[in-house]
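In order, the protein sequence lines correspond to chains L and P. Per the numbering used here, the very first residue in the first sequence carries number 14; after that it's consecutive. Per the numbering used here, the very first residue in the second sequence carries number 752; after that it's consecutive. Please read the structure below before turning to the comments.
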Amino acid sequence: NAGVTQTPKFQVLKTGQSMTLQCAQDMNHEYMSWYRQDPGMGLRLIHYSVGAGITDQGEVPNGYNVSRSTTEDFPLRLLSAAPSQTSVYFCASSYPPGRGTEAFFGQGTRLTVV
Amino acid sequence: ELKVEQNPLFLSMQEEKNYTIYCNYSTTSDRLYWYRQDPGKSLESLFVLLSNGAVKQEGRLMASLDTKARLSTLHITAAVHDLSATYFCAVDMWYNQGGKLIFGQGTELSVKP
């Protein structure tokens, strides 16, 4: 069972570079989200999507772009990387909250911006 | 704006002792989740609490939800070393912003012999 798959697992970027973090799920979940995890701050929501073609901003959206062209994929784009974006990024997917089920998380991408 | 606060943030326990982690949130919701994270790993779902008064138990862990007080607790009974991890609560703003899951800061639990 693949679940939620994130790539890459590790990445080092130079300041100003752009890149895309990939996230794919095979559970036919409508909801997908991106979080960043920094020490002492828990997980903070970057962007989320409630279905293909629909995205919205979370708590810390600046510097990131998303799109959702299919149910399965929800890539996160860093437009111009900054050292403040050094973090661990998690993608999650779930059914709509009315179904009362939890979100499933990918294994994370550890990003370092130098 | 929904805020989720956990306390304590760090907890050092001795084996066989009991303790409780608290999760407070600031706006109406009746969807609360508990997750566990081992160092360097992803998050693993522990409990899904969907209504006022909900109580779930798994082994030495028991979670409860009081929506009137906007409070959830995670009670640890007779702690063992294997429970050492970081525990997160998360609240879903499903009434008007479904899919927007907001997390607490996490409680880092260390169980020592």
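Note that CB positions come from ideal geometry on N, CA and C, so glycine has one too.
Round the Cβ separation of residue i and residue j to the nearest angstrom and send it over; I've been treating them as touching at under 8 Å.
i                      : j                      : result
residue 754 of chain P : residue 777 of chain P : 4 Å
residue 108 of chain L : residue 44 of chain L  : 7 Å
residue 19 of chain L  : residue 35 of chain L  : 7 Å
residue 816 of chain P : residue 805 of chain P : 5 Å
residue 68 of chain L  : residue 99 of chain L  : Not quite, the Cβ-Cβ distance comes to about 24 Å (not below 8 Å), so this is no contact.
residue 811 of chain P : residue 829 of chain P : 6 Å
residue 852 of chain P : residue 843 of chain P : 5 Å
residue 80 of chain L  : residue 88 of chain L  : 7 Å
residue 832 of chain P : residue 790 of chain P : Contact flag wrong, Cβ pair sits at about 14 Å.
Among the residues of its own chain, which have a CB less than 8 Å from the CB of residue i, if the five just before and after it don't count?
i                      : result
residue 82 of chain L  : 65, 66
residue 762 of chain P : 770, 772, 858, 859, 860, 861
residue 31 of chain L  : 90, 91, 92, 93, 94
residue 16 of chain L  : 38, 39, 40, 117, 119
Below 7 Å CB to CB, which residues in the same chain sit around residue i once its five sequence neighbours on both sides are set aside?
i                      : result
residue 72 of chain L  : 57, 58
residue 113 of chain L : none
residue 799 of chain P : 784
residue 198 of chain L : Coverage of chain L is limited to positions 14 through 127, which leaves residue 198 of chain L absent and any answer about it impossible.
residue 103 of chain L : 48, 50, 56, 118, 119, 121
Go through its chain and collect everything with a Cβ distance to residue i's Cβ below 6 Å, but skip five positions before and after it.
i                      : result
residue 90 of chain L  : 33, 78
residue 101 of chain L : 50, 121, 123
residue 781 of chain P : 802, 818
residue 37 of chain L  : 18, 85, 86
residue 768 of chain P : 830
What does residue i reach in chain L if we use C-beta pairs closer than 7 Å?
i                      : result
residue 853 of chain P : 58
residue 808 of chain P : Here the premise fails: no neighbours, minimum Cβ distance about 16 Å.
residue 784 of chain P : 115
Cβ closer than 8 Å: which chain P residues qualify as neighbours of residue i?
i                     : result
residue 85 of chain L : Under the 8 Å cutoff, chain P gives no residues; its nearest Cβ is about 16 Å from residue 85 of chain L.
So residue i contacts chain P; which residues on that side make the cut at Cβ distance below 9 Å?
i                      : result
residue 77 of chain L  : Residues of chain P passing the Cβ test: none, with the nearest at roughly 16 Å.
residue 103 of chain L : 793, 794
residue 82 of chain L  : What residue 82 of chain L touches in chain P: nothing, since even the nearest Cβ is about 17 Å away.
List the residues of chain L that residue i touches, going by C-beta distances under 9 Å, in chain order.
i                      : result
residue 763 of chain P : Going along chain L, no residue has its Cβ under 9 Å from residue 763 of chain P, so there is no contact; the nearest lies around 17 Å.
residue 799 of chain P : 113, 114, 115
In the DSSP assignment, what residue or residues form a beta bridge with residue i?
i                      : result
residue 37 of chain L  : L/18, L/86
residue 57 of chain L  : L/49
residue 102 of chain L : L/49, L/122
residue 817 of chain P : P/822
residue 764 of chain P : P/862
Mind listing the chain P neighbours of residue i? Cutoff is C-beta to C-beta under 7 Å, in chain order.
i                      : result
residue 120 of chain L : 793
residue 53 of chain L  : 856
residue 29 of chain L  : Going along chain P, no residue has its Cβ under 7 Å from residue 29 of chain L, so there is no contact; the nearest lies around 28 Å.
Along chain A, in chain order, which residues have C-beta atoms closer than 7 Å to that of residue i?
i                     : result
residue 71 of chain L : Absent from the structure is chain A; the protein chains it does hold are L and P.
Entirely enclosed beta strand (DSSP E) segments - the region 772-815 of chain P, minimum 3 residues: 783-788, 794-800, 806-809
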